[in-house]
């Protein structure tokens, strides 16, 4: 006998074990609609303590341990069922051995993890982190991450989307060779990512990207510099004139980036068009796939340049582009034509790559004559040692390479004081105390502040990015900097430490300002800007889904 509360009562049973089976499809459909609890695992069950205190027997199962046959799973084409939800090879129900007892069976919802993303013009810390992780993930291959056979496949693109996002025992935690936890929330299993494709042009300019889609979103990630061929692509800055036959018709483009991007369309893949699978050139097929979906594009370094080119091609599809260490790609007229689709470009400290190619007209008559090697030499020489001779070779087009999008700048500010002296003149380095505050500056949050206009001019590099720090270019350094911010803003103890450090740093700089003549007065602006960042954590339509995702993330980060 059963009732509407899920209570099943069996009487007059024999002493042999009982196999409990439930009709597969009704249970599957129902459990798709049940949300997960924030804390995963049996040890965090809210049902278990009540069950055991009442003297009943507790079981935690997935639907695969209860159903009587394989259910119909929308979009599932693999021979093997998803391992977490169907842990046994054969579907045979759950064995009940203790009779004359009440058994409480908690069933795990039939759900999957999905990346939390905000499709909006406002800056999103969540997007910066999750899209940044996708820009790192693309450095892995589809099925492997390296040469270590013991780790083969773990952290790969396929492993992330087809294994980690379907394992509800914990949130995903392997991105390429790195341990990063994305900010995720649970969705019905039918709403999982179902279209995962990795494209590699191999010997033809060595361009890689992946795209992944569910019913409402399309995510595209382009790989950055990872081989000698990629380095040559980066160095081929010879400007190429754009024409009416191109998706941008005015100005010029970095020829190396352009050729690497266009090479992808020589590859084909299967796409669903009018409920029919068709093989199409990749870039053309992505246009079909993007219809009716929220579009997110990302990339690091060379990958950022390729992601920008792709977003420019798809600008009428309303792309949400987040780039990391992106070099300059287009010249002035092209930037003007492209317009202001959503694009946030992240610059870490003094990363040298966003300075390239130089903010100048880098075309010359030597390129037009087909003397490319001399053309490159002339441009590099004229940048380092300008002379009248070099200027003779210029085309005088004034098509300067420029940046696009709103800049987000990670930078440090130092406070140094004597450890045991009141004077600061001629003090040994060993006697100095150093305090560093890591700023995460989004100048568009204070658009009319004079300091924003000064330090962060449109389409240019930050003016406070001095010197060169090659290690600042690494994708992992970008992601670690971004990851710290949600932790500092969401976890109460971390937030308290973060705010105390900020206040303490400001007080020290205030003392410096009174003590040292002509001391920098920029720190009040950067601190004011830092305090604005909290509004970038949630979307402008804060939802329960967002709060759940943040709660899931902070819980798992705290227990690591």
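Numbering (my numbering), first residue to last: 1371 to 1930. Ideal Cβ positions, reconstructed from N, Cα and C, are used throughout, including at glycine.
Of the residues assessed, residue 1401 falls on the buried side of the cut-off, its CB having 16 or more other CB atoms within 10 angstroms. For the pair residue 1771 and residue 1727, the CB atoms are nearer than the 8 angstroms cut-off. In the DSSP secondary-structure assignment, residue 1862 is not bridged to any residue. For the options 1700, 1842 and 1901, the alpha carbon positioned closest to that of residue 1769 is the one of 1700. A contact between stretches requires three or more CB pairs, one per stretch, nearer than 8 angstroms, and the stretch 1846-1863 meets this requirement with the stretch 1498-1513. Shortest Cα-Cα distance from residue 1623 to any of 1705, 1457 and 1581 involves 1705.
Looking at the backbone, the Cα of residue 1907 and that of residue 1774 are separated by about 23 angstroms.
Each residue's CA atom was taken as its position, placing residue 1481 and residue 1509 some 28 angstroms apart.
In the assembly as shown, residue 1619 is an exposed residue. Its beta-carbon has fewer than 16 other beta-carbons within 10 Å.
For the stretch 1601-1682, the continuous beta strand (DSSP E) assignments of 3+ residues that do not extend past its boundaries occur at 1609-1611, 1622-1624, 1638-1643, 1646-1651 and 1664-1670, in sequence order.
Beta-bridge partners of residue 1481 (DSSP): 1558.
Under the three-state reduction of DSSP output, residue 1389 falls in the strand class.
It is roughly 23 angstroms from the alpha-carbon of residue 1717 to the alpha-carbon of residue 1630. Secondary structure of residue 1819 (DSSP, three-state): coil. Residue state for residue 1701 is assigned as strand, using DSSP reduced to three classes. Take residue 1857, set aside five residues on each side of it, and the residues of its chain with a beta-carbon closer than 7 angstroms to its own are 1864 and 1927, in chain order. By the Cβ-count criterion, residue 1713 is buried, with 16 or more other Cβ atoms from all chains shown falling within 10 Å of its own Cβ. Just measuring C-alpha positions, the residue of 1455, 1492, 1429 and 1476 sitting nearest residue 1912 is 1492. The way I'd put it, the stretch 1561-1569 doesn't touch the stretch 1403-1422; fewer than three beta-carbon pairs between them come closer than 8 angstroms.
Residues 1671, 1695, 1697 and 1843 of the same chain have their beta carbon placed closer than 7 angstroms to that of residue 1723, with the five preceding and five following residues left out of the count.
With the rule of 3 Cβ pairs closer than 8 angstroms, the stretch 1444-1457 does not count as touching the stretch 1874-1884. A Cβ-Cβ distance of about 40 angstroms is found for the pair residue 1475 and residue 1506, leaving them out of contact under the 8 angstroms criterion. Look at residue 1429 here: in three-state DSSP terms it is strand. Distance check between residue 1817 and each of 1777, 1834, 1831 and 1841 places 1777 closest, using alpha-carbon atoms only. A straight line joining the alpha-carbon of residue 1916 with that of residue 1614 spans about 43 angstroms. Sequence-distant Cβ neighbours of residue 1649 in its own chain, meaning closer than 6 angstroms and more than five residues away, are 1638 and 1640.
The beta carbons of residue 1902 and residue 1830 sit about 21 angstroms from each other, so the pair does not count as a contact at 8 angstroms.
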